[in-house]
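Engineer: Numbering (our numbering), first residue to last: 751 to 1001.
Just dropping this structure here.
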């Protein structure tokens, strides 16, 4: 892994497509995110309050109480965003050795967030960028709101460790980090040993990855005082349908 670069090199909107194509990843500022989403930074910041009051994740196998989340699924066709009926999140054990192989039913995202124009514009703008990398008929998108806190003294953003998600592209947005240390992002080439480490600190900054080429993880967080938390949004884009349990496909 390369030497620590806690402030990552940022890619402007005009260079995101080339960075993804050449490097397999890109890191972008909040201002660039607003640009590719065809919305305002204020519009993005206005939806950050939807990370308050997230339900606790009941599926953590390490017994932890540190993760909270909501989930929604979409299809994008011809620049049209469609919310699909609420569905389970499922991953193969090939991609998530800790929590793979089970249907995880998380609480749906709130109706006011789903209806928010900036939210919808974000998903569509990112889809348009990714279509320049891989032309598809339909993007199958899963959206995950996360809060990792220090209730147990330590919070683990990726308890499964370094991993891929089994999709085409992964977008990780930092929404906020409050009263913590840690939460360092680490990415590695899936086919080699080259890696990079940095810390996302600006609200609505973005790490965008080609999932076939990059492995990623985030280090645990600890409180600077009595309590702290780290909020993120993870969007995954897949071209060949949602990941589903084999048992569901046989029903």
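Cβ atoms here follow ideal geometry from the backbone N, Cα and C, with glycine treated the same way.
Name the one or two DSSP bridge partners that residue 926 has.
Structural biologist: 981
Engineer: Go ahead and pull the three-state DSSP assignment for residue 879.
Structural biologist: If DSSP states are grouped into helix, strand and coil, residue 879 belongs with the helices.
Engineer: Just how far apart, CA to CA, sit residue 797 and residue 787?
Structural biologist: Cα to Cα, the separation comes out at about 14 Å.
Engineer: Looking at the unbroken beta strand (DSSP E) that takes in residue 772, where does it start and where does it end?
Structural biologist: Note, residue 772: premise wrong, no beta strand (DSSP E); alpha helix (DSSP H) at 766-773.
Engineer: What residues match up with residue 899 in a beta bridge as DSSP calls it?
Structural biologist: 979, per the DSSP bridge assignment.
Engineer: With three or more beta-carbon pairs closer than 8 Å as the criterion, would you say the segment 958-973 touches the segment 798-807?
Structural biologist: no
Engineer: Please list the segments of the alpha helix (DSSP H) lying wholly inside the segment 773-827, counting only runs of 4 or more residues, in order along the chain.
Structural biologist: 780-786 and 791-795
Engineer: What is the residue span of the alpha helix (DSSP H) that residue 864 lies within?
Structural biologist: 861-864
Engineer: Find the nearest neighbour of residue 784 within the set 864, 831, 763 and 855, judged by alpha-carbon distance.
Structural biologist: The option with the nearest alpha carbon to residue 784 is 763.
Engineer: Just list the residues that DSSP pairs residue 973 with in beta bridges.
Structural biologist: DSSP lists 930 as partners of residue 973.
Engineer: Does DSSP put residue 921 in a helix, in a strand, or in coil?
Structural biologist: strand
Engineer: Have a look at residue 876 and residue 945 and give me their C-alpha separation to the nearest angstrom.
Structural biologist: 25 Å
Engineer: Tell me, which residues are paired with residue 939 by DSSP?
Structural biologist: When DSSP reads this structure, residue 939 sits in a beta bridge with 964.
Engineer: Can you look up residue 950 in the DSSP assignment and give me helix, strand or coil?
Structural biologist: coil
Engineer: Could you tell me whether the Cβ of residue 780 comes closer than 8 Å to any Cβ of chain B?
Structural biologist: Protein chains in the displayed structure number just one, and chain B is not present.
Engineer: Kindly indicate which three-state DSSP category residue 871 falls into: helix, strand or coil?
Structural biologist: helix
Engineer: If you draw a straight line from the C-alpha of residue 794 to the C-alpha of residue 984, how long is it?
Structural biologist: 15 Å
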